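Here the structure comes first, spelled out in structure tokens, and everything after it is commentary.
Residue numbers (full-length UniProt numbering): 1 to 86.
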């Protein structure tokens with residue numbers, strides 16, 4: 001797969017929440033939770049038909065992701081769409 005394949009990727013438009021809107025939603029709350037989302041992407045499985053698209057090669061061999069890696073073009077939009085409230 002060459003770099004020309006990236007030109008075919010349609011970017012999902014799923015905007016992040018604005019910080020001022022988040023603060024408005026939290027106004028009056030007494031208890032807050034802190035969630036570490038560092039490994040949260042790994043909870044989302046890549047569709048069987050898309051696994052091949054995640055393949056990369058190093059001098060150790062070829063690898064592919066079965067769960068969503070951080071940094072894919074639409075990873076943030078997919079994560080936001082599936083895991084965060086509207």
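Quick reminder that beta carbons are idealized off the backbone N, C-alpha and C, glycines included.
These numbers come from a predicted model, not from an experiment.
Own chain partners of residue i with C-beta closer than 7 Å, once the 5 adjacent residues on each side are dropped
{"i": "residue 82", "result": "44"}
Residue i: CB within 7 Å of a non-hydrogen atom of the ligand FMN
{"i": "residue 8", "result": "This structure lacks the ligand FMN, and indeed carries no ligand of any kind."}
Cutoff 6 Å; reference residue i; Cβ partners in own chain excluding five residues on either side
{"i": "residue 26", "result": "none"}
{"i": "residue 50", "result": "none"}
8 Å contact criterion, which residue i and residue j should meet: CB distance rounded
{"i": "residue 23", "j": "residue 46", "result": "At roughly 34 Å, the Cβ-Cβ gap does not stay under 8 Å, so residue 23 and residue 46 are not in contact."}
{"i": "residue 42", "j": "residue 79", "result": "Incorrect: roughly 11 Å between the Cβ atoms, too far for contact."}
{"i": "residue 73", "j": "residue 9", "result": "5 Å"}
Candidates the options: closest to residue i by CA position
{"i": "residue 75", "options": "61, 39 and 60", "result": "39"}
{"i": "residue 64", "options": "52, 19 and 37", "result": "52"}
Close Cβ partners of residue i (< 8 Å) along its chain, the five nearest in sequence each way excluded
{"i": "residue 28", "result": "none"}
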